[in-house]
Every structure is written in C-alpha cells, then in structure tokens.
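Structure first, commentary second.
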Amino acid sequence: MVFKLVVFYTSCIIWSAITLFFLLFTIYAKKDGEKRPFLRSLILLVLSLTILGVQIFLEGFYVQLFQYITLALFLLFALISAIPYRNTHTLKIYPSKERFDERDVMFARGEYRPGTKKYRIYYGELHPEKKEFDDRLRELPEPCEGGAFYDRLLSSICCSEFSFISKLLEYVDGGIEGDMVELTPEEFTEHIKWFTKYLGADLVGIAPVEERYFYSHVGRGPEEWGREIKVEHKYAISFAVEMDYMMLSHAPRIHTTVESAKKYVEVAVIAIILAEYIRRLGYSARAHISESNYQAILPPFAYLAGIGELGRLGYIITREFGPRVRLGLVTTNLPLITDKPISFGVQDMCSFCTKCADNCPAQAIPSGEKTVVRGVEKWQLDYEKCYYYWKKIGTDCGLCMYTCPYSRGTNPLQNLLRRFSTLSHFARRFYLWWDDFFYGKYPRRIII
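Take 1385 as the starting number for the sequence shown in my numbering and just add one per residue.
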C-alpha cells in the first residue's frame, strides 16, 4: 500500500513538473513570437494536464500501470542522461607556426580595385588563382548597399553603424601614459574583468597570446598594407556581447545585419575604452576592432579564454548564448591570470548535428568531418561561398546562427535545456531531437 502511494505521488509530481514546464514553454514561445513552438507546446500542455487529471481523479489497474511506467521511464531517462558517454570531446590543436594572411580575408579582397597597387600585387604576384572569382564578386553591390534583401530604411542603419566604427580606427592604439600602477596579477585580473563587464560585455576571459592566431600581414585598415605584423603583447582580454534573439530570428534578412553592426559598435567602443584605460595604468594595450583594425583572429582567443567552443558553423558557441554573440579583443602587457578553455559538449554535439550546414543557403558549411587547418582540427567553412551569398542578398545572413539549437533565447527554460545538454551524449541527442520537434529541421527555407 505504501509503495503504491509512493508511486502515485511520484508520478503526480513528475507530471505536474512536465505540465508546469510546458506551461512556461508555451508562455515564452508566445512572447518570442515563435508560432510553431507555441502551438506544439500548447498541445503538449493540454495533453500533460489531461494525464495529470486522469491520475488524480480516476483509479484502476490501467491508471496504476501507467504510473509505474511513468516512474520507470523517468528513472531510465535520468540514468541515461547522467551517463557522461562521449562527454570528453575537446578541440584538438597541434603545434603550428603557420599564420593566416589578412590580405586573404574576403573583406580585404573585396577592396582591391583594378588599376591599384594592391590589385596588381595580390593578383599578379600573390594569388592569381583568386582573380576570376574576386572580379565576379566585385560586380555585386556591397553588403547593406544592395542585394535581394536591401531595404533603404534598415540598410542605411547598418551603413551608419559601420561608418561610425571606421572613424574609431585611429583610437585602437596609443602611447603609455604615466608610471606603471603596481598590483598583483590576481588583482588586475579581477579588476579588468569587472571593468569590461561594466562597459557592457556579457562574457569576459583572459588568454595567453599565441603568435599563430595573429595575422601575418596587414590586409585592411589605416596601417601599411602588406606590412608584417609583429606580436608584442603577452595577454589577450577576450569578451563577448549577446545578440538579440528576436532580431536574429529574421535571418537572413537585413534585421540580422542591423543587430550585427550594432554589436560590432558595442565591442569596438568597449575595446577602445579598455585599451585606453590600460595604457593610462602604464601598460601597453591595443584594441582589435572591425572595419578593420584587427591584427588577431578573435575566435581562437575566445576559445583559449574560456568564452566558448568552436562549432561546426565556424563561430564560437558559448554556454550562455550559443553562437549568438559578437566578440571583442584587447591585447596587452598588463600582468594577468589566464583562464582555461572550456568543454561542454559542443564538439560532440556538432559531430552529429548538421542543422547549420543543412540550412546554409550558400552551402558554405561542411556537413562532413573535420580537417586540420593551421594546426587546428575543425570544420572549415568555404568563405568564398559564404561572402558571395552575403553580397547577393545584401546582408550577413545569420541563418546558421539562428538555426543552431544553442542559440534559442535566454529565458530560464532555454538556459535549463542548454545546461541539460552538457550532461552526456544522450542528453545532446535529446536536445537536438527537442529542437527539431519544436523549431523544425529547416526553420526557414531560403533559396536565392
């Protein structure tokens, strides 16, 4: 009799929790304007409420049998989810001194105009094999200035934001002011992390500087084109700001680029102020910002700083926001304590989840295995296909970021689901199934 009561109350508690979960999920889906998740969650809410009511108000053999089955399945699900099978996947990095040339970046190649010195050197001496493709690329309008999703009202916002960033390029570096402030590395680290978040960063970490993740030569910006980049700093302050999920849900339309540009402005301002502040403490520091005064590649330093893991789609995937972030970077000689890379199952998840690749209209994301690129084992994007599509549609697309299961909003339930996915291989399989069921394998079919 006691055992039956335990089973009864346990089953009722389980189904009460399930009902509450779907109630909250329905509310959040409605709030986010997600029609499919809202309708499916609403149906499951009614179903779970009905099942709960049947258990409370009806008796009989089949009701008791269902309660036993509920308890057994719950225990089995909890047990399998907790087994950390294949939970140790980490990003594999091998020794390498090879550095990427910023002159090969798609944004840089798009700026080379026929008749100029850059054009003659790049296509005549460095990469004549890229000339035909790049010439076709130059025939298309610049992102935010034309394309299939061009919108005068919204596209002009992007142009204004990027234009503002271009006016900040001269402020990324400067001379040291005054004597060195003397604090311990622990004190500096705590203070710098606080200040970076105070300026508006959502995530921040410290990484050791590794030359391999700096560009080899200048390819854009006000500095001399083709000049060799020398690495002078020891530490990298990496940070991230969250992108708005509702703006991203419009992908691949111009709204995503409006949001991207806004976040690039934010990280640029944070980086410039932070670098200026460190120089006032008596230490060398340089901001690395878009439009373009990067000297370093940001994702590797974000990984080393514990911001997130590198995913199939080529972005850093954070535990808090998925790939829905924009990165910032300041390198410095200020003595700091470095963080460690984190691993929460992204490599395993991306090994079987191909939603970003399946939904990429440019087919720029690989659906197969990883390859080793400059010593890093990763999924290598086809940047030419990606950027060509950007110029065709007049936006920075963002479909891969939107379709990633880790990108779903930051309400408590989505945070709980993301945390659940870190438990085991089975948990990640369930997380993908859940995302496919509620959001669809192909949330938005766009073919242009």
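Glycine included, each C-beta is placed from N, C-alpha and C at the ideal position. Quantities reported herein were computed from a predicted structural model and do not represent experimental measurements.
Buried or exposed by the 16-neighbour rule on C-beta atoms within 10 Å, applied to SER1756: Along the sequence shown, read from residue 1 onward, the residue named residue 1756 stands at position 372. What sits at residue 1756 in the sequence shown is Val, not Ser. Answer is exposed; the Cβ neighbour count stays below 16.
Separation of SER1400 from ARG1424, as counted between CA atoms: Here the question's residue 1424 lines up with position 40 in the sequence shown. Here the question's residue 1400 lines up with position 16 in the sequence shown. If I take the Cα positions, the gap works out to 18 Å.
Whole-angstrom distance between GLY1782 and TYR1534, CA atom to CA atom: Numbered from 1 along the sequence shown, position 150 holds the residue referred to as residue 1534. Numbered from 1 along the sequence shown, position 398 holds the residue referred to as residue 1782. Rounded to whole angstroms, TYR1534 to GLY1782 spans 15 Å at the Cα level.
Distance CB(ILE1621)-CB(VAL1714) smaller than 8 Å: In the sequence shown, residue 1621 corresponds to position 237, counting from 1. In the sequence shown, residue 1714 corresponds to position 330, counting from 1. In this structure, VAL1714 lies closer than 8 Å to ILE1621 by Cβ.
Residue range of the alpha helix (DSSP H) that includes GLY1437: In the sequence shown, the residue the question calls residue 1437 occupies position 53. Element bounds for GLY1437: 1419–1441.
Stretch-stretch touch, CB-based, cutoff 8 Å, three pairs: the segment 1474–1481 with the segment 1752–1770: Taking 8 Å as the limit for Cβ pairs, the verdict is that the segment 1752–1770 does touch the segment 1474–1481.
Residue nearest to THR1738 in terms of C-alpha spacing, selected from PHE1728, SER1751 and ILE1726: Residue 1738 sits at position 354 when you count from the first residue of the sequence shown. For THR1738, the nearest C-alpha among the options comes from SER1751.
Alpha-carbon to alpha-carbon, GLY1698 and MET1733: In the sequence shown, the residue the question calls residue 1733 occupies position 349. In the sequence shown, the residue the question calls residue 1698 occupies position 314. Spanning the two alpha carbons is a distance of roughly 14 Å.
Minimum C-alpha distance to SER1668 - residue among TYR1619, PHE1445 and THR1806: As a first step, residue 1668 must be located in the sequence shown, where it is residue number 284. Nearest of TYR1619, PHE1445 and THR1806 to SER1668, Cα basis: TYR1619.
Continuous alpha helix (DSSP H) assignments of at least 4 residues falling wholly in the segment 1557–1643: Here the runs fully enclosed are 1569–1582 and 1629–1632.
Spatial distance of ILE1681 from SER1550 (CA atoms): The residue you call residue 1681 lines up with position 297 of the sequence shown. The residue you call residue 1550 lines up with position 166 of the sequence shown. Whole-angstrom Cα-Cα distance: 18 Å.
Rounded straight-line distance, which links the Cα of CYS1784 to that of TYR1826: The count along the sequence shown starts at 1 and reaches residue 1826 at position 442. The count along the sequence shown starts at 1 and reaches residue 1784 at position 400. Computed Cα separation, rounded: 11 Å.
Beta-carbon proximity check, PRO1527 vs TRP1774, cutoff 8 Å: Taking the first residue of the sequence shown as 1, we reach residue 1527 at position 143. Taking the first residue of the sequence shown as 1, we reach residue 1774 at position 390. One thing to note: PRO1527 has its Cβ within 8 Å of the Cβ of TRP1774.
Pairwise C-alpha distance: PHE1387 and LEU1583: For the purposes of this step, residue 1583 is taken as the residue at position 199 of the sequence shown. For the purposes of this step, residue 1387 is taken as the residue at position 3 of the sequence shown. Their Cα atoms are separated by approximately 57 Å.
Exposed unless 16 or more other CB atoms sit within 10 angstroms - verdict on LYS1415: For the purposes of this step, residue 1415 is taken as residue 31 along the sequence shown, with counting starting at 1. Under this definition LYS1415 is an exposed residue.
Cα-Cα separation, CYS1770 to TYR1629: Walking along the sequence shown from the start, residue 1770 turns up at place 386. Walking along the sequence shown from the start, residue 1629 turns up at place 245. Distance between the alpha carbons of CYS1770 and TYR1629: 22 Å.
Of the residues THR1454, SER1395 and PRO1468, the one placed nearest VAL1440, counting alpha carbons only: Along the sequence shown, read from residue 1 onward, the residue named residue 1440 stands at position 56. It should be noted that the sequence gives Ile, not Val, for residue 1440. Cα-wise, what sits closest to ILE1440 is SER1395.
Same chain only: Cβ atoms within 8 Å of ARG1670, ignoring 5 sequence neighbours per side: Taking the first residue of the sequence shown as position 1, residue 1670 is located at position 286. Excluding sequence neighbours, ARG1670 sits near VAL1556, ASP1557, HIS1617, ALA1659, GLN1679, VAL1714, THR1715 and THR1716.
Under the three-state DSSP convention, the category VAL1709 falls into: Walking along the sequence shown from the start, residue 1709 turns up at place 325. DSSP places VAL1709 in strand when its eight states are reduced to three.
The segment 1588–1601 contacting the segment 1636–1647, beta-carbon criterion three pairs below 8 Å: no
Assigned secondary structure, LEU1694 (DSSP; H/G/I helix, E/B strand, else coil): Within the sequence shown, numbered from 1, the residue matching residue 1694 stands at position 310. Strand.
Residues bridged to VAL1757 (per DSSP): As a position in the sequence shown, residue 1757 is number 373, starting the count at 1. Its beta-bridge partners are VAL1760.
Three-state secondary structure (DSSP) of VAL1447: To locate residue 1447, count along the sequence shown from 1; it is residue 63. VAL1447 sits in a helix when the DSSP states are folded into three classes.
Beta-carbon spacing of LEU1407, LEU1429 below 8 Å: For the purposes of this step, residue 1407 is identified with residue 23 of the sequence shown, where counting begins at 1. For the purposes of this step, residue 1429 is identified with residue 45 of the sequence shown, where counting begins at 1. Yes, they are a contact pair.
Alpha-carbon spacing of TYR1496 relative to ALA1746, whole angstroms: Locating residue 1496 in the sequence shown gives position 112, counting from the first residue. Locating residue 1746 in the sequence shown gives position 362, counting from the first residue. For TYR1496 and ALA1746, the distance between alpha carbons rounds to 23 Å.
Other residues of its chain near GLY1712: CB distance less than 6 Å, five sequence neighbours each side excluded: As a first step, residue 1712 must be located in the sequence shown, where it is residue number 328. Result list for GLY1712: PHE1623, VAL1651, ILE1654 and ALA1655, in chain order.
CA nearest to the CA of ALA1413, picked from LEU1426, ARG1696 and PRO1512: Numbered from its first residue, the sequence shown carries residue 1413 at position 29. Selected option, being the one with the closest Cα: LEU1426.
Nearest-angstrom beta carbon gap, ALA1532 and GLY1778 [assumed within contact, 8 Å]: Stepping through the sequence shown from its first residue, residue 1778 is reached at position 394. Stepping through the sequence shown from its first residue, residue 1532 is reached at position 148. Right, their Cβ atoms sit about 6 Å apart.
C-beta contact flag for CYS1788 and GLY1729 at 8 Å: In the sequence shown, the residue the question calls residue 1788 occupies position 404. In the sequence shown, the residue the question calls residue 1729 occupies position 345. Using a Cβ distance threshold of 8 Å, CYS1788 and GLY1729 do not count as a contacting pair.
Member of GLY1690, LEU1718, ALA1748 and PHE1821 whose CA lies at the smallest distance from the CA of ILE1560: Position 176 of the sequence shown holds residue 1560. The shortest C-alpha separation from ILE1560 is found at LEU1718.
Close-in-space but distant-in-sequence residues of the same chain around GLN1451 (CB under 7 Å, 5 per side omitted): Reading the sequence shown from its first residue, position 67 is the one you call residue 1451. Excluding positions up to five away in sequence, the list reads VAL1391, PHE1392, SER1395 and GLN1439.
Top-ranked residue by Cα proximity to CYS1740, from LEU1720, LYS1724 and LEU1765: Locating residue 1740 in the sequence shown gives position 356, counting from the first residue. For CYS1740, the closest of LEU1720, LYS1724 and LEU1765 by C-alpha to C-alpha distance is LEU1765.
Closest by C-alpha distance to ARG1611, when choosing among GLU1486, ARG1596, ASP1518 and HIS1575: Locating residue 1611 in the sequence shown gives position 227, counting from the first residue. Out of GLU1486, ARG1596, ASP1518 and HIS1575, GLU1486 has the C-alpha closest to the C-alpha of ARG1611.
Alpha-carbon spacing of GLY1494 relative to PRO1684, whole angstroms: Taking the first residue of the sequence shown as 1, we reach residue 1494 at position 110. Taking the first residue of the sequence shown as 1, we reach residue 1684 at position 300. Their Cα atoms are separated by approximately 24 Å.
Secondary structure of HIS1809, DSSP reduced to three states: Here residue 1809 refers to the residue found at position 425 of the sequence shown. Reduced to three states, the DSSP call for HIS1809 is helix.
For ILE1541, the first and last residue of its enclosing alpha helix (DSSP H): Counted from its first residue, the sequence shown places residue 1541 at position 157. Counting along the chain, the alpha helix (DSSP H) containing ILE1541 begins and ends at 1536–1550.
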